[in-house]
Amino acid sequence: KNQVEQSPQSLIILEGKNCTLQCNYTVSPFSNLRWYKQDTGRGPVSLTIMTFSENTKSNRRYTATLDADTKQSSLHITASQLSDSASYICVVSDRGSTLGRLYFGRGTQLTVWP
Amino acid sequence: EADIYQTPRYLVIGTGKKITLECSQTMGHDKMYWYQQDPGMELHLIHYSYGVNSTEKGDLSSESTVSRIRTEHFPLTLESARPSHTSQYLCASSESHQGSYEQYFGPGTRLTVT
């Protein structure tokens, strides 16, 4: 069964600190993995997208890694800011259909305190 | 910021009423999607469309219906709202080509059925 599991479920850190969010998946055949940021009451916004051959990608203070062999990904946030408080969702796409079906994790709810 | 819009943003309505959630995008994308998301849970695909006059049901069974008469417009209709329909509904769109396509999400409609 195609699944995406994220940990931790929630995380509280102080402003300026770094943190790492984890994602494990069983989606096959794999096409790509993306991390989205979803603010409360808003739609998800893409942070990074990685294909099978990419093992790291950065976007400002966000760095995503991908290990396609172990089917694991992480999202590292550097020097956190209050505006980083949001849900971070790991999404994996398969290539078994023309739709490119997306499988969503439940997200990690990050809270950054001043 | 993606050019995809949803109205209304919030809707509180009584049981048995007919409602239509609007979704429009100005990016010329062929593919459009409707997702349902409950608090703390993953997004579930309920409808999608490859293009005009094409609609399909998603993974999650839904009593809602959709139509795609124009490329930019993908409304979702509930003929008779029930409390079990209370949820957040997210619309998304993407380009039609294969590969690492991006899905752009609207801000969502928070529906409460009393």
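Just so you know, the sequences run in chain order A and B. So that you can map any letter, position 105 of the first sequence is 105 in this note's numbering, and since no number is skipped, the others follow by simple counting. The number in this note's numbering is simply the position in the second sequence, starting from 1, with 1000 added. Just so you know, even glycine gets a beta-carbon here, dropped at the ideal spot from N, CA and C.
| Check | Outcome |
| --- | --- |
| What's the gap between the Cα of H1047/B and the Cα of T1020/B? | 14 Å |
| At a cut of 8 Å, does the region 12 to 19 of chain A reach the region 1068 to 1075 of chain B through at least three beta carbon pairs? | no |
| Taking the alpha carbon of Q109/A as the reference point, which residue from P8/A, K71/A and V4/A has its own alpha carbon closest? | P8/A |
| Using the beta-carbon count (16 or more within 10 Å), is P1083/B buried or exposed? | exposed |
| Measure the Cβ-Cβ separation of R106/A and Q6/A and say whether it is below 8 Å. | yes |
| Which one of E1042/B, Y1050/B and S1062/B has the shortest CA to CA distance from M1032/B? | Y1050/B |
| Does DSSP classify L82/A as helix, strand or coil? | helix |
| I77/A and D69/A look like a contact to me (Cβ under 8 Å); what is the Cβ gap, rounded to whole Å? | Contact doesn't hold; Cβ gap of about 24 Å is too wide. |
| Would F104/A pass as an interface residue toward chain B - the criterion being a Cβ-Cβ separation below 8 Å? | yes |
| So for H1085/B, helix, strand or coil by DSSP? | helix |
| For a contact meaning CB atoms closer than 8 Å, what does R42/A contact in chain B? | P1107 and G1108 |
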